[in-house]
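The sequence shown lines up with residues 1 to 173 when you count with my numbering.
In this text, a Cβ means the ideal position worked out from N, Cα and C, and glycines have one as well.
All values derive from a computational prediction rather than experimental measurement.
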Amino acid sequence: AESFGTGATGFGLLIAAWGSGSVLGSAAGRWMTVRTEPLWVVVGAAAIAVTAIGVGVAPWFWMVLVSLLVMGTADGLTIVGENGIMQRRTPDAVRSRTMAAFEAMLSLGLFVAYLLAIPLLRAVEPQRIYLIGGVAAAAAAIVLIPILALRREDVELPEAEPEVPVSAAWESR
């Protein structure tokens, strides 16, 4: 917002764009199936990379808002997909510890990002930080590609949850 001279109103629009996208992506997650979750995690990570780079190079504020809306949508989709995969593929006995470890890693990553932001913001203007984040997200999308193997027909899936939207599986519980 500061880079574009939009002040507090611009900052509010940035947060609203990303937050609205996050809600849309999370809501759209209801149509995921057991087999499409891995695809949406990878596609979502790739979309986050592209949109972060888009924010980093956008010459107009409205482009930043559109990029953040799409980024939030992609993030919401990946969160739904990640949670579905973990819940379905982690044994009951260790599921809570697995999810706690996952959340701890996310928090640790955020902590490191905040520490790195201090020197980076001194060296690079805020909008350009998104370029760095976009490159990191692209690397994450590449690292995630092997989870697409979870979509294969020969991967054993729980019998109780056939190809139904994730939301339907939750509603039936």
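Would residue i and residue j be called neighbours here (beta carbons separated by less than 8 Å)?
{"i": "residue 72", "j": "residue 22", "result": "yes"}
{"i": "residue 144", "j": "residue 42", "result": "yes"}
{"i": "residue 11", "j": "residue 61", "result": "no"}
{"i": "residue 46", "j": "residue 141", "result": "yes"}
{"i": "residue 81", "j": "residue 44", "result": "yes"}
{"i": "residue 69", "j": "residue 17", "result": "yes"}
{"i": "residue 58", "j": "residue 67", "result": "yes"}
{"i": "residue 95", "j": "residue 34", "result": "no"}
If residue i and residue j are in contact, beta carbons under 8 Å, what's the gap, nearest whole angstrom?
{"i": "residue 77", "j": "residue 13", "result": "Incorrect: roughly 22 Å between the Cβ atoms, too far for contact."}
{"i": "residue 109", "j": "residue 52", "result": "So it is not a contact: roughly 15 Å between Cβ atoms."}
{"i": "residue 85", "j": "residue 38", "result": "7 Å"}
{"i": "residue 130", "j": "residue 19", "result": "So it is not a contact: roughly 17 Å between Cβ atoms."}
Buried or exposed: which applies to residue i, given that a residue is buried once 16 or more other Cβ atoms fall within 10 Å of its Cβ?
{"i": "residue 2", "result": "exposed"}
{"i": "residue 31", "result": "exposed"}
{"i": "residue 118", "result": "exposed"}
{"i": "residue 123", "result": "exposed"}
{"i": "residue 48", "result": "buried"}
{"i": "residue 160", "result": "Bear in mind that the predicted position of residue 160 carries a pLDDT of just 48, short of 50, making it unreliable; the figure below should be weighed with that in mind. Exposed."}
{"i": "residue 15", "result": "exposed"}
Determine, for residue i, whether the minimum Cβ-Cβ distance to residues of chain B falls below 8 Å.
{"i": "residue 111", "result": "Going by chain labels, chain B is absent from the structure shown, which holds only one protein chain."}
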